[in-house]
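Engineer:
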Ligand SMILES: NC(=O)c1ccc[n+]([C@@H]2O[C@H](COP(=O)([O-])OP(=O)(O)OC[C@H]3O[C@@H](n4cnc5c(N)ncnc54)[C@H](O)[C@@H]3O)[C@@H](O)[C@H]2O)c1
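Residue numbers (this note's numbering): 8 to 393.
#1: Quick check: residue 392 and residue 331, are their CB atoms within less than 8 Å of each other?
#2: Is the Cβ-Cβ distance between residue 129 and residue 99 less than 8 Å?
#3: In whole angstroms, what is the alpha-carbon distance linking residue 383 and residue 306?
#4: Report the partner residues of residue 96 according to the DSSP bridge assignment.
#5: Less than 7 Å between the CB of residue 60 and some heavy atom of ligand 1, yes or no?
#6: Mapping DSSP to helix, strand and coil, what is residue 318?
#7: Is the distance from the Cβ of residue 244 to the Cβ of residue 131 below 8 Å?
#8: Please tell me whether, using a cut-off of 7 Å, the distance from the CB of residue 75 to the nearest non-hydrogen atom of ligand 1 is below it.
#9: Buried or exposed for residue 36, going by 16 or more other Cβ atoms inside 10 Å?
#10: Under 8 Å Cβ to Cβ from residue 177, same chain only, skipping five residues before and after it: list those, please.
#11: Taking the straight line between their C-alpha atoms, what separation do you get for residue 196 and residue 95?
#12: Quick check: is any heavy atom of ligand 1 less than 7 Å from the C-beta of residue 227?
#13: Measure from the alpha carbon of residue 89 to the alpha carbon of each residue in 343, 387, 68, then state which is nearest.
#14: Can you tell me which of 286, 81, 106 puts its alpha carbon nearest to the alpha carbon of residue 261?
#15: Please state whether DSSP places residue 355 in a helix, a strand or coil.
#16: Between 72, 17, 45, 54, which has its C-alpha nearest residue 10's C-alpha?
#17: At what residues does the alpha helix (DSSP H) containing residue 19 begin and finish?
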């Protein structure tokens, strides 16, 4: 397939990477010479990196439009009229009137127009929709959404249109209904002639949604809550788990792409220490080693009387073990467990009973199960006592 990417700015770079991975025959158009140079460095043939998109149009099947919003109507109309299907990054146009004009062009040309809204195709949105549709939430009462945090303010549209729009679309998708009423409070604290903070209430029939956007909250908040009469759903678009272990390159590239997307919390799986170090360096917030950790747990459970083993930190562990014979009949205080073994008994379970907190007066019986916490070496030694 032959695609023309128009606009190779900050977001267009991500489209360039993904289109490259899809293996399409790629043309790039950008009015900036520097951006065209970037495309060529990234592997686009020099003759396919053009200033005027009209030069490339006859050679492609479809267009990917990633230019500022105030150019969308004019550029998309021309691409559709030339017979090319068109993907447009949100917001589809600057105003409702422009949107209707573009819809007219689509009807007239019979081409496909698709708007890019990242939340709509996010796995979190799929999970939320499934739960609303299968009735587990009951009747939805209201929704809230936040898209806030420090970032460079856009210059083509205000924050409501660039960020709030993700939720306007998401809630319409989740509730299966277009908005019926909108009220909003907007502020222009930066004095740029466009909003940089907004609280918008969008009504979808009976269901109100409250959406907060703004550039001022420290951190990155991309979350929503959907309250129903049976249950409440909380969606966090700011957390991702990268569970790719077999293909290390893919794991690193995915983690780095999530960092680029501004995902706040990235939990990434590593298979080796060097892999884990690289994941940390590219920006993973937490690196986990499931195979190694499970191997350690299983190894411990095969040794001595250890039933389970959890490494809380490199130097600190929690061990579940059968009470050693030398403690049977003594209270924990009298046996001076902390002084003698360097561990603390956290809780205890008698044979056939359930766990309770351990105190110095707790008397140990044969067959009791203990959960102890302590420095790894000491906890291991205690767990292996018979
Ligand atoms: N879906 C999302 O989450 C998301 C995230 C960021 C940006 N966006 C959207 O992507 C679009 C682009 O944003 P950006 O941050 O990359 O903007 P940007 O300003 O960084 O880049 C825009 C690029 O388009 C080029 N350009 C402008 N007019 C052109 C024309 N007529 N022909 C060819 N090139 C032209 C500019 O030279 C520039 O390189 C915007 O609509 C924005 O809202 C979407």
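C-beta atoms are modelled at their ideal positions from N, C-alpha and C, and glycine is treated no differently.
Structural biologist: This is what the structure holds:
#1: The answer is yes: Cβ separation under 8 Å.
#2: no
#3: For the pair residue 383 and residue 306, the Cα-to-Cα distance works out to about 14 Å.
#4: 123
#5: yes
#6: Reduced to three states, the DSSP call for residue 318 is strand.
#7: yes
#8: yes
#9: buried
#10: 124, 126, 127, 132, 152, 231
#11: 29 Å
#12: no
#13: 68
#14: The option with the nearest alpha carbon to residue 261 is 286.
#15: strand
#16: When each option's Cα is compared against that of residue 10, the closest is 72.
#17: 19-29
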